[in-house]
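Numbering (our numbering), first residue to last: 249 to 576.
A short worksheet on the structure shown next.
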């Protein structure tokens with residue numbers, strides 16, 4: 249009866265009703281073999297999107313053996329790229345290229361190859377790939393600014409000033425279109441953030457009036473970087489928001505250390521120098537506290553968005569080190 253059925257469902261599991269063991273890899277392959285190839289590929293894509301790479305790769309390995317299709321190789325490359333296995337990803341993208349003449353897939357492969365090459369710091373190759381991509385007839389003009397962002401990343405990383413200009417122009421175009429392409433925008437903004445902070449770190453702090461002026465310049469560069477990180481956070485993309493938060497913490501900590509290490513003004517007596525250094529340390533403490541707040545907020549943000557990765561662990565270690573040093 250329905251009542252009996254309901255009671256049976258509610259009854260606690262016993263040895264006789266224990267759940268079945270997880271299927272073996274061989275059993276999973278039998279299941280996939282009975283399914284349409286497109287369904288297995290669609291499930292692999294979903295697994296990639298939720299970062300369940302082991303499950304995605306198992307399906308993709310099966311599909312490579314069964315079909316050797318270009319799209320399967322492309323998705324394998326995407327999975328490897330997101331696992332930061334960039335060299336393996338480039339090999340998979342090359343295999344996909346060898347197996348297709350579909351202009352749309354060729355377009356997508358070139359874009360992913362440019363990204364992976366930039367992440368490997370092969371910026372010259374990334375630039376060449378992005379330039380090839382810009383010339384494709386299959387590239388819709390509405391997404392050209394997305395390509396220009398990656399091209400700008402390559403050029404800026406090569407030290408070319410036009411890279412920054414290209415990024416800024418493409419960001420303006422995409423911002424006018426709406427909120428799409430958040431990941432590409434946040435990635436490019438992170439490059440601008442990193443450049444602002446590198447510029448700030450190269451400004452010396454001598455113990456003179458020029459040192460005071462340079463301190464203002466460094467503070468302005470840090471503020472510009474903060475503005476970029478705020479813009480990144482608004483895209484809702486955690487990867488580069490977290491990276492931006494961490495490098496800001498690093499930059500404020502570096503400014504603290506450089507300020508403490510800067511020479512005192514000339515002409516001070518030994519006693520005046522001691523007073524100067526003590527006062528400087530007290531004033532510089534706010535920079536150390538700000539670095540701590542960035543690391544702490546980064547860890548909290550990672551928890552809120554359920555982001556797990558090495559960057560979160562690095563921020564935890566840096567935050568905890570500052571806590572120990574302060575004795576709090």
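C-beta: ideal position from N, C-alpha, C; glycine also.
Please read these numbers as outputs of a predicted model, since none were measured by experiment.
Is the beta carbon of residue i less than 8 Å from the beta carbon of residue j?
i: residue 327; j: residue 304; result: yes
i: residue 499; j: residue 418; result: no
i: residue 292; j: residue 321; result: no
i: residue 553; j: residue 486; result: yes
i: residue 398; j: residue 363; result: yes
i: residue 435; j: residue 401; result: yes
i: residue 565; j: residue 494; result: no
i: residue 543; j: residue 497; result: yes
i: residue 470; j: residue 462; result: no
i: residue 310; j: residue 277; result: yes
i: residue 285; j: residue 315; result: yes
i: residue 464; j: residue 429; result: no
Under a three-way DSSP split, which group does residue i fall into?
i: residue 332; result: coil
i: residue 337; result: helix
i: residue 425; result: helix
i: residue 284; result: coil
i: residue 273; result: helix
i: residue 317; result: coil
i: residue 528; result: helix
i: residue 546; result: helix
i: residue 412; result: helix
i: residue 507; result: helix
i: residue 447; result: helix
i: residue 441; result: helix
i: residue 299; result: coil
i: residue 554; result: coil
i: residue 484; result: coil
i: residue 516; result: coil
i: residue 564; result: helix
When we look at the beta-carbon of residue i and count the other beta-carbons within 10 Å, is it buried (16 or more) or exposed?
i: residue 396; result: buried
i: residue 270; result: exposed
i: residue 441; result: buried
i: residue 404; result: buried
i: residue 302; result: exposed
i: residue 483; result: buried
i: residue 415; result: buried
i: residue 572; result: exposed
i: residue 294; result: exposed
i: residue 361; result: buried
i: residue 551; result: exposed
i: residue 323; result: buried
i: residue 351; result: exposed
i: residue 523; result: exposed
i: residue 466; result: buried
i: residue 343; result: buried
i: residue 385; result: exposed
i: residue 268; result: exposed
i: residue 534; result: exposed
Could you pull out every residue in the same chain whose Cβ sits closer than 7 Å to the Cβ of residue i, ignoring the five residues on either side in sequence?
i: residue 358; result: 377, 380, 381
i: residue 472; result: 444
i: residue 308; result: 292, 320, 323, 324, 327
i: residue 371; result: 402, 405, 406
i: residue 373; result: 365
i: residue 567; result: 540, 543, 544, 547
i: residue 532; result: 504, 507, 508
i: residue 438; result: 480, 488, 491, 492
Below 8 Å on the Cβ atoms is my guess for residue i versus residue j; work out the distance and round it to an integer in Å.
i: residue 504; j: residue 536; result: 5 Å
i: residue 433; j: residue 387; result: The Cβ separation is near 18 Å, so there is no contact.
i: residue 375; j: residue 422; result: With a Cβ gap of about 20 Å, residue 375 and residue 422 do not count as contacting.
i: residue 390; j: residue 459; result: 49 Å between Cβ atoms; not a contact.
i: residue 475; j: residue 508; result: Contact flag wrong, Cβ pair sits at about 27 Å.
i: residue 353; j: residue 318; result: 6 Å
i: residue 512; j: residue 525; result: 7 Å
i: residue 540; j: residue 570; result: 5 Å
By Cβ distance, which residues of its chain are closer than 8 Å to residue i, with the 5 residues on each side in sequence left out?
i: residue 299; result: 330
i: residue 279; result: 271
i: residue 502; result: 449
i: residue 296; result: 304, 323, 326, 327, 330
i: residue 521; result: 512
Spatial neighbours of residue i within its chain, please: CB distance less than 6 Å, with the 5 preceding and 5 following residues excluded, ordered by chain position.
i: residue 337; result: 325, 328, 329, 364
i: residue 489; result: 480, 481
i: residue 538; result: 500
i: residue 283; result: none
i: residue 368; result: 334
i: residue 412; result: 404
i: residue 431; result: 485
i: residue 345; result: 357
Examine chain D for any beta-carbon lying closer than 8 Å to the beta-carbon of residue i, and answer yes or no.
i: residue 484; result: Of the protein chains in the structure, only one exists, and it is not chain D.
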